[in-house]
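Reviewing the structure listed below.
Printed below as a string of structure tokens:
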């Protein structure tokens, strides 16, 4: 049975727990093990270039020391340590940011991003310009609170407000919740807006599952 290791680069255990809960159906239906872990030495949230610099070597270390997992998922939309982790293993390492954008491009014409902060918006813009996909982005709007705040009981109200701005004003037909902490809100947000809502964590794990299925199929050819 294949093992997918989902690494939360921040130290907020509540986010890891919510991710594990949201991914339980994927494990049950695929038959693969999905193990979500927290980097206890990481910051409470990855919200700056300094945070990325701090967690990148921690992510690479966790991947390099893990001989058990078959596929790794870095569960932070900024994909910290993605390049570094790929250099220390020959196993697939998937960043949820890259997986979410790839999925959005496949499912709609113009996607909108629900970001945590202005810093996130600026970083996403740099990424999209470097990949020449900025024309497909209808808008990127910040919530204006921290990663940890996404776990608050009243967080959904603001998330829904920003989502409606992206669909009604910016005309996005696909939405990306650009923080692993928003993972649990995906089903409710999709029902509220009527738009396709991509949870990056689920998108990345779906890619990981497809990799394992393809390998098993090839082994039986």
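Residue numbers (this note's numbering): 27 to 247.
We put the beta carbon where it would ideally sit given N, CA and C, even for glycine.
Segment limits, alpha helix (DSSP H) that includes residue i
i: residue 127; result: 122-133
i: residue 49; result: 39-56
i: residue 90; result: 75-90
i: residue 238; result: 226-245
i: residue 215; result: 212-219
i: residue 108; result: 108-112
Span separating the alpha-carbon of residue i from that of residue j
i: residue 127; j: residue 202; result: 8 Å
i: residue 107; j: residue 179; result: 31 Å
i: residue 37; j: residue 123; result: 19 Å
i: residue 196; j: residue 229; result: 23 Å
i: residue 31; j: residue 212; result: 21 Å
i: residue 79; j: residue 247; result: 43 Å
i: residue 227; j: residue 243; result: 24 Å
i: residue 113; j: residue 102; result: 19 Å
i: residue 160; j: residue 154; result: 5 Å
Residue i versus the options, residue with shortest Cα-Cα distance
i: residue 177; options: 35, 42, 49; result: 42
i: residue 215; options: 183, 229, 237, 132; result: 183
i: residue 29; options: 60, 39, 52, 35; result: 60
i: residue 35; options: 181, 66, 228; result: 66
i: residue 198; options: 208, 224, 205; result: 224
i: residue 143; options: 112, 170, 166, 132; result: 170
i: residue 27; options: 58, 193, 244; result: 58
i: residue 117; options: 110, 96, 104; result: 96
i: residue 51; options: 232, 238, 149; result: 232
i: residue 193; options: 241, 135, 84; result: 135
i: residue 181; options: 200, 163, 210; result: 210
i: residue 109; options: 83, 130, 133, 94; result: 83
i: residue 238; options: 46, 53, 185, 85; result: 53
i: residue 89; options: 71, 73, 102, 115; result: 115
i: residue 129; options: 219, 151, 98, 162; result: 162
i: residue 220; options: 200, 208, 236; result: 200
8 Å Cβ cutoff met for residue i and residue j
i: residue 140; j: residue 63; result: no
i: residue 204; j: residue 146; result: yes
i: residue 69; j: residue 75; result: no
i: residue 100; j: residue 234; result: no
i: residue 157; j: residue 104; result: no
i: residue 85; j: residue 33; result: yes
CB contact below 8 Å: residue i versus chain D
i: residue 167; result: In the structure shown, chain D cannot be found, because there is only a single protein chain.
Enclosing beta strand (DSSP E) for residue i [first to last residue]
i: residue 98; result: 97-100
i: residue 192; result: Counting along the chain, residue 192 falls outside any beta strand (DSSP E), and DSSP gives it neither H nor E.
i: residue 142; result: Unbroken run through residue 142: none, as it is neither H nor E.
i: residue 29; result: 29-34
Three-state secondary structure (DSSP) of residue i
i: residue 203; result: strand
i: residue 175; result: helix
i: residue 59; result: strand
i: residue 136; result: coil
i: residue 93; result: coil
i: residue 147; result: helix
i: residue 164; result: strand
i: residue 66; result: coil
i: residue 159; result: coil
Residue i: CB within 7 Å of a non-hydrogen atom of the ligand ATP
i: residue 112; result: For the ligand ATP, the structure offers nothing, since it holds no ligand at all.
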